[in-house]
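Visitor: In the order they appear, the protein sequences are chains W and Y. For the first sequence, numbering that gives the first Met the number 0 begins at 0 and goes up steadily by one. For the second sequence, numbering that gives the first Met the number 0 begins at 0 and goes up steadily by one. C-beta: ideal position from N, C-alpha, C; glycine also.
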Amino acid sequence: MLLDLAEKAVKQAQGLGVEYADVRAQHVNSTSIRLTNDRFEQAVSGVDQGLGIRVLYRGAWGFSSTSSLDGKDVEETVKTAFKIAKATSKGVKEKATVRSVKPVKDKVTDRTSQPLPEIGIDKKMELVLGFSKTVRDYSSKIVSATLAYEDGAGQKAVVSSDGANILTNLSRVFVGVNAVAKQADKLTSARERLGKIGGYELFQEKNGREIMKKAAERAVNLLKAKPAPSGRYTVIVDPRLAGAFAHEAVGHCCEADSIIAGESILAGKIGKVVGSELVSIYDDSTLAGGWGSQKYDDEGVLTKKRLLIKNGVLKGYITNKEASARLDMEPNGGARAESYAYPPIVRMSDTYIPQGSQTFEELLEGIDYGVYLKASRGGQVDTAKGTFQFNAEEASLIKKGKLTTPLLDVSLSGVTLETLHNIDAVAKDFEIGLGFCGKGQTVAAGMGSPHIRIKNALVGGRA
Amino acid sequence: MQDLLEYAVKKAGKQGASQAEAYFIGSDTLRVGIEKKQVKMSEKKHDAGMSVRVATKSRNGFSVGFAYLTDLTKKAADAAVKQALKVASCKKPDPDFKSFPERKPAKSVQRIHDKRIVAIEPDKIVDLAADLIKSIDIDKRITTIGGLLGVGSVKVAITNSLGVRGEYEKTSYGAYGYVVAKEKDSVGVGGDGYSSCFFSEEKTHLSFKKAQETALKQLNPRTVKTQKMDVLLQPEALGFLLADTLIPEVRADNVQKKQSPFVGKLNQMIASENLTVVDDGLIPQAMGSRPFDDEGGPSQTTTVISKGQLKNFLYNSYTAGKDKVKSTGNAARTLGIFTDKPKYTVEPIVGPNNFKLQPAKKSVEDEFDDVIKEVKNGIIAKEVIGAHTANAASGEFSVVLDSAFKIEKGEIVYPVKQAMLGGNITEVLKSIALFADDVKQVGESLIAPTVLIKDVRISG
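(1) Which residues mark the beginning and the end of the alpha helix (DSSP H) in which Y:Leu-334 is found?
(2) Going by beta-carbon coordinates alone, are Y:Thr-55 and W:Arg-376 separated by less than 8 Å?
(3) CA-CA distance, W:Arg-110 and W:Gln-154?
(4) Using 8 Å as the threshold, is the C-beta distance between W:Arg-335 and W:Val-234 below it?
(5) Excluding the five sequence neighbours on either side, which residues of its own chain have a C-beta within less than 6 Å of the C-beta of Y:Thr-225, listed in chain order?
(6) Which bits of chain W does Y:Lys-43 rub up against, with CB to CB less than 9 Å?
(7) Are there three or more Cβ pairs, one per stretch, closer than 8 Å when the region 2–10 of chain Y is compared with the region 416–430 of chain W?
(8) Which class does Y:Phe-404 belong to by DSSP, given the choice of helix, strand or coil?
(9) Taking the C-alpha atoms as reference points, what is the distance between W:Ser-138 and Y:Glu-366?
(10) Starting from Y:Met-419, trace the beta strand (DSSP E) in both directions and tell me its first and last residue.
(11) Along chain Y, in chain order, which residues have C-beta atoms closer than 9 Å to that of W:Thr-386?
(12) For W:Tyr-56, count the other beta carbons within 10 Å of its own beta carbon; 16 or more makes it buried, fewer makes it exposed. Which is it?
(13) Whole-angstrom Cβ separation of W:Gly-198 and W:Pro-114, contact assumed at under 8 Å?
(14) Quick one: Cα of Y:Asn-253 to Cα of W:Ser-143, how far?
(15) On the three-state DSSP scale, how would you describe Y:His-45?
(16) Rounded to a whole number of angstroms, what is the C-alpha to C-alpha distance between W:Cys-253 and Y:Ala-79?
(17) Beta strand (DSSP E) containing W:Arg-57: first to last residue?
(18) Using a Cβ cut-off of 8 Å (strictly closer), state whether Y:Val-150 contacts chain W.
(19) According to the neighbour-count rule (16 or more other Cβ atoms, all chains shown, within 10 Å of its Cβ), is W:Val-174 buried or exposed?
(20) Assuming W:Leu-2 contacts W:Ala-152 (C-beta within less than 8 Å), just tell me the rounded distance between them.
(21) Going by C-alpha distance, which of Y:Thr-301, Y:Leu-356 and Y:Leu-451 is nearest Y:Lys-372?
(22) Note the first and the last residue of the continuous alpha helix (DSSP H) segment covering W:Glu-393.
(23) Determine the chain Y residues that contact W:Leu-186 at a beta-carbon separation under 9 Å, and present them in chain order.
(24) Measure the C-alpha to C-alpha separation of W:Gly-267 and W:Ala-84 and round it to an integer number of angstroms.
(25) With DSSP run on the structure shown, which of helix, strand or coil describes W:Glu-209?
(26) Specify, as a first and last residue, the run of the beta strand (DSSP E) that W:Met-446 falls within.
(27) Taking W:Arg-376 as the query, report the chain Y residues whose CB atoms sit under 7 Å from its CB, ordered along the chain.
(28) Does any CB atom of chain Y fall closer than 8 Å to the CB of W:Phe-39?
(29) To the nearest angstrom, how far is the alpha carbon of Y:Ala-418 from that of Y:Val-399?
(30) Whose C-alpha, out of W:Gly-333, W:Thr-79, W:Leu-411 and W:Asn-331, is nearest the C-alpha of W:Arg-231?
(31) Quick one: grab the DSSP three-state call for Y:Met-0.
(32) Please look up how many angstroms separate the CB atoms of Y:Leu-309 and Y:Asn-329, rounded, as I've assumed it's under 8 Å.
(33) Take Y:Ala-118 as the anchor and find which of Y:Leu-29, Y:Leu-420 and Y:Ile-141 has the nearest alpha-carbon.
(34) Is there a C-beta anywhere in chain Y that falls below 8 Å from the one on W:Asn-164?
(35) For the alpha helix (DSSP H) holding Y:His-204, just list the boundary residues, first then last.
(36) For a cutoff of 8 Å on Cβ pairs, would you count W:Val-273 as touching chain Y?
Structure representation (C-alpha cells):
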C-alpha cells in the first residue's frame, strides 16, 4: 500500500516533466513516554503517517509533504512539489543535477524477536517506572530523575525515479535518563542512554536498571567535584566525548552539502594532511548493531562504510546524489530524512575514531598538569570557521600523571584543524555511544572513539 | 472542526471520563532555502491532527490519559478516546491533578494573523530571496550567502468538558541570512534573523544586510587574554543563553521537580535591580502571542522578575493546581529532543509565550552607541556557541562568544576569536548594568535588547 502510493506519486511527477523525484511514505506506530519523579508527563501511542515528495525541475528542488495517505491528498502534494520547484527554478543560477545509482528493488526488515507493537503501552510505562525507581532509590541525594522512552515500528517506502524501490519494516527503541543530585546548594546531573535498532528484546539483552543506575551514581559523585581551571592544557578525552568531537567537529565538515555550499573548512582538501597521523575517522552506515546505521539511505542508495580521514589525511566525504554529481563522486548513501515530512539531506550515521595502540595509563604518563574530560553534555560547531565547543559531563584534574580532584562544568573548545594536529596519543580501548544529531532535522547517530590525548587544548571552567 | 472535538469530548464522558479535552491543530508552512548565493530548495508542508485528553476519577484522585489521531474521522476519534482511557487506567491517581482549565473569558490579542501570508505564492518568496542575494553580494570577499525564508499559518481549536471552547488562526514569518566572507586565510561569518507574525520585506533586507556586514567585519580576528572585562550580550546571544537557563528555570514544572536553582526563591533578589522580566502572551505581532494557551487557558502578562526580585513562575493548569495558584496561561505542547513533533502528539507541559527582558525603569534604556561608549574594556557578542550544553538544574554554563568584537575606550576595535564566557546565569543576571534600545524578538519566545554585563571573566 505504501509502495503503491509512493510509486504512483513518482510516476505522476515524471508525467509533469521533472528531471528527478524521490518519495518517502511511512506508517509507523510510535510510543512516547516521559516520566519525571514517578509522574508520567507524556504517555502516548499513535500512528505517525504521511508522504513526502521531492522533485528536481529545471535544476531546482521542490519538496512537499502531507500527513494524509489519501490518494487525492497525495496527488495534490505531488502537484505542490512541482509547482514550488518551478517557482524556485527562476532563482537558480547553478542548476542542480543528480548522480544516479544502479536501480535496486529490495525489502529490508529490522530484526526483532519481540515486536514493539505487541507490547502494550501499560508494559512500557511499567518498565520506565521501574528504571525511575532504581535511579531514585540509589541515594537520598538524588532529587530528580527524568526518563524518556521512545519507540517506533512500522513501514517505510522509498521510491525514486532512477529506480530505487525499497520497503523497510523498521523498528527502533530508545530509553534515556537524566538524574539530578543535590547537596546543600549544589545541583549536578548525569545522563545514560540505551537503545537499538530492533525490538523490545533490548530489555532482556541489556540490564537496563544497571545502566540507568550509572546516571545516579555519576550525578552523586559529581557533588564532590570542584570548579575547573580555565586555560590551555594537555587533556585526555574519554571515548564518549572524543566520539562527539569526531562527529561534531570533523564529521559535519565532511558532509558534502556543506562542502558544495562553501561552508566547510575541509572543502578541496581531499588527499591533504588535516591532522596528526594518529588520527583516522570513519562514518559507517553498515556497522552491525549501529544506532545510526541503515542498509539504504532515504534516496534509496545502498549505504557504505566511509573512510573520512586515514592517518591524518582527508580521504572522503559523506555524500548524496546531488553533491555526488557536483563533486564527481559516487553516492555513498549519506542522505537521511527525519521522517516523511522532511527532504533527505546529507547526514552522518555511526561516526568513530578507530582504536590506537596505547593504554590509558600511557596517555596519563608525562602529563604534569592537565584535565581529563568525560562524556558530553552536548556541543556545537561552526563548519565554515572550523571551531567547536563541547561541555563535558564530568572531568578530573590530572597532576603528575595521576587523576586527582573531580571537576565540574568543564568545556572544551578549539579550532578543529589545530586540534586534529594536536592529538598526540590514541588509546586501544573503544566505546560507541548513542546520540541524536540535529541539523534542522533530528536523526539517530552513533559516536565512538578510544581515549585520546590532545595537547594545548582550550578548557573553560569557573575557577 | 469543533464538531469532531465536541464529539470526542462527549464520547469520553460517556465512556467514563470525569473530564475531557479535545485539541486540533492544522498547519501549512512554506520555506525557501538559499544556499551558495542562489535559491536552492523550497518546501511546503501540510499537517493536521487532533488529540484527546481524559481525566478519570477514583478515590485517590484523577488519572490523566492521552492519545492522538491524524485520520480525522469519528471512528478514529472513538479509538483515540479508548486509548486515552486505557493510558489513564495504567496510571496511579495523581492527587496533584485538580482540573483541566475552566471556562474563562479569553483576552483578545491583536495582529497575530497576516492575511498576506496565507495568500502568499511561492514565486513571491523566491523573488524576494533572489533580491536579497543580489543586494548584498557586492563585495568580492563574500564567498557564500545562505539563509531561509519561511511563512506559516496555523489553525487551532480546543474544546473541553468544563466549557472551554475556542479557536484562533495565526501566521508566522521567519527570515535568516547567513554570510561567509574570505580574505586570504581568514574566514568571517555573519548571521542575522527576523521573526514576527507579520511579513516584512524591509526587515528581511535589513537582516541580510546585517549578516553581510558582520561577516566582513569578522575577518582577521584576534584572540583576547584571559581577564575580567565587561560583556555586551546582543539579543541573539541572550536568546541562546536564556533558552537553556533562565527560561526553563522559571517554569513551574521544573521548579516543582527541583530542577531549578530558584526553588524556594520567590520574592528574593535573583538579578540586578535594573532588570524586569515579563512573560506576555498578548503582544501584537509577537511570535509567542495567542488568545489562549495549548490547553485553552487565557493568555496574560505575567511578571517573572520585578526589579531583580523573583515574582512568579510560569504555570499551566496542572502545575498551578499543585501549587494552589492560578495558571499563568503557559501550557505548551512541546517536547525536548524532537522539538518538531506535531503539537497534537504531545501532552501540554509548561513553556514561555513572549519572554521579555526590559529595564526596570524606562529611563535607563540607552541608545546603542551610548552603551558601547560606557565600556572601557570589554567585548560585544551577537551569538554564543554551546548554550544548549548548560546545566539548567544549576544554571552553570560555559559558552564561546561568537560574532564578537573587542571594545576599548568606548569603541569597537577588532573582531575576536575563541573567547569563552563561563559562569552561573544568576551571576550574569545580577551583573546587568545597562540596556540598549535595540529591542528584538529572537526565535519564538525571547524579546530583549542588548545588555551590558559588568566585570565578568573571559577566557581567551
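Guide: In terms of the structure at hand:
(1) Secondary structure note for Y:Leu-334: it is in no alpha helix (DSSP H), with a DSSP letter that is neither H nor E.
(2) No Cβ-Cβ contact shorter than 8 Å links Y:Thr-55 with W:Arg-376.
(3) Distance between the alpha carbons of W:Arg-110 and W:Gln-154 is about 13 Å.
(4) The answer is no: Cβ separation not under 8 Å.
(5) Excluding five sequence positions before and after Y:Thr-225, the CB atoms of its chain that fall closer than 6 Å to its own CB belong to Ser-458 and Gly-459, given in chain order.
(6) Near Y:Lys-43 (Cβ distances below 9 Å), the residues of chain W are Gly-61, Phe-62, Ser-63, Ser-64, Thr-76, Thr-79, Ala-80, Lys-82 and Ile-83.
(7) At 8 Å Cβ cutoff, the stretches do not touch.
(8) Here Y:Phe-404 sits in strand by DSSP.
(9) When only Cα atoms are considered, W:Ser-138 and Y:Glu-366 end up about 53 Å apart.
(10) Counting along the chain, the beta strand (DSSP E) containing Y:Met-419 begins and ends at 418–423.
(11) Contact annotation for W:Thr-386 against chain Y: Ile-384, Val-399, Asp-401, Lys-416 and Gln-417 [CB-CB distance below 9 Å, chain order].
(12) Around the beta carbon of W:Tyr-56, a 10 Å sphere encloses 16 or more other beta carbons of the protein chains shown; the residue is thus reported as buried.
(13) Contact between W:Gly-198 and W:Pro-114 holds, since their C-beta atoms are separated by about 5 Å, short of 8 Å.
(14) Our two residues, Y:Asn-253 and W:Ser-143, have alpha carbons roughly 10 Å apart in a direct line.
(15) In this structure, Y:His-45 counts as strand in the three-state DSSP scheme.
(16) Near 45 Å, if we compare the C-alpha coordinates of Y:Ala-79 and W:Cys-253.
(17) No beta strand (DSSP E) contains W:Arg-57, which DSSP labels as neither H nor E.
(18) Answer no: the Cβ-Cβ gap between Y:Val-150 and chain W never drops below 8 Å.
(19) By the neighbour-count rule (16 or more Cβ atoms within 10 Å), W:Val-174 is buried.
(20) Separation of the CB atoms of W:Leu-2 and W:Ala-152 is rounded to 18 Å, and the pair is thereby denied contact status at 8 Å.
(21) Relative to Y:Lys-372, the option among Y:Thr-301, Y:Leu-356 and Y:Leu-451 whose CA is nearest is Y:Leu-451.
(22) Run containing W:Glu-393: none in the alpha helix (DSSP H); it sits in the beta strand (DSSP E), 386–398.
(23) The answer, in chain order, is Lys-257, Gln-258, Ser-259, Pro-260, Asn-390, Ala-392, Ser-393, Gly-394 and Glu-395.
(24) Distance between the alpha carbons of W:Gly-267 and W:Ala-84: 30 Å.
(25) Looking at W:Glu-209 - three-state DSSP - the assignment turns out to be helix.
(26) Unbroken beta strand (DSSP E) run through W:Met-446: 441–448.
(27) Identification of chain Y residues near W:Arg-376 by a Cβ-Cβ cut-off of 7 Å yields Thr-388, ordered along the chain.
(28) It does: the Cβ of W:Phe-39 has a partner Cβ on chain Y nearer than 8 Å.
(29) About 6 Å.
(30) Taking only the C-alpha atoms, the option nearest W:Arg-231 is W:Leu-411.
(31) DSSP places Y:Met-0 in coil when its eight states are reduced to three.
(32) Y:Asn-329 and Y:Leu-309 do not touch by the CB rule: their CB atoms are close to 16 Å apart, not below 8 Å.
(33) Checking every option, the nearest Cα to that of Y:Ala-118 belongs to Y:Leu-29.
(34) No, W:Asn-164 lies away from the interface with chain Y (no Cβ there is under 8 Å from its Cβ).
(35) Here the alpha helix (DSSP H) through Y:His-204 covers 200–216.
(36) It does not: the Cβ of W:Val-273 has no partner Cβ on chain Y nearer than 8 Å.
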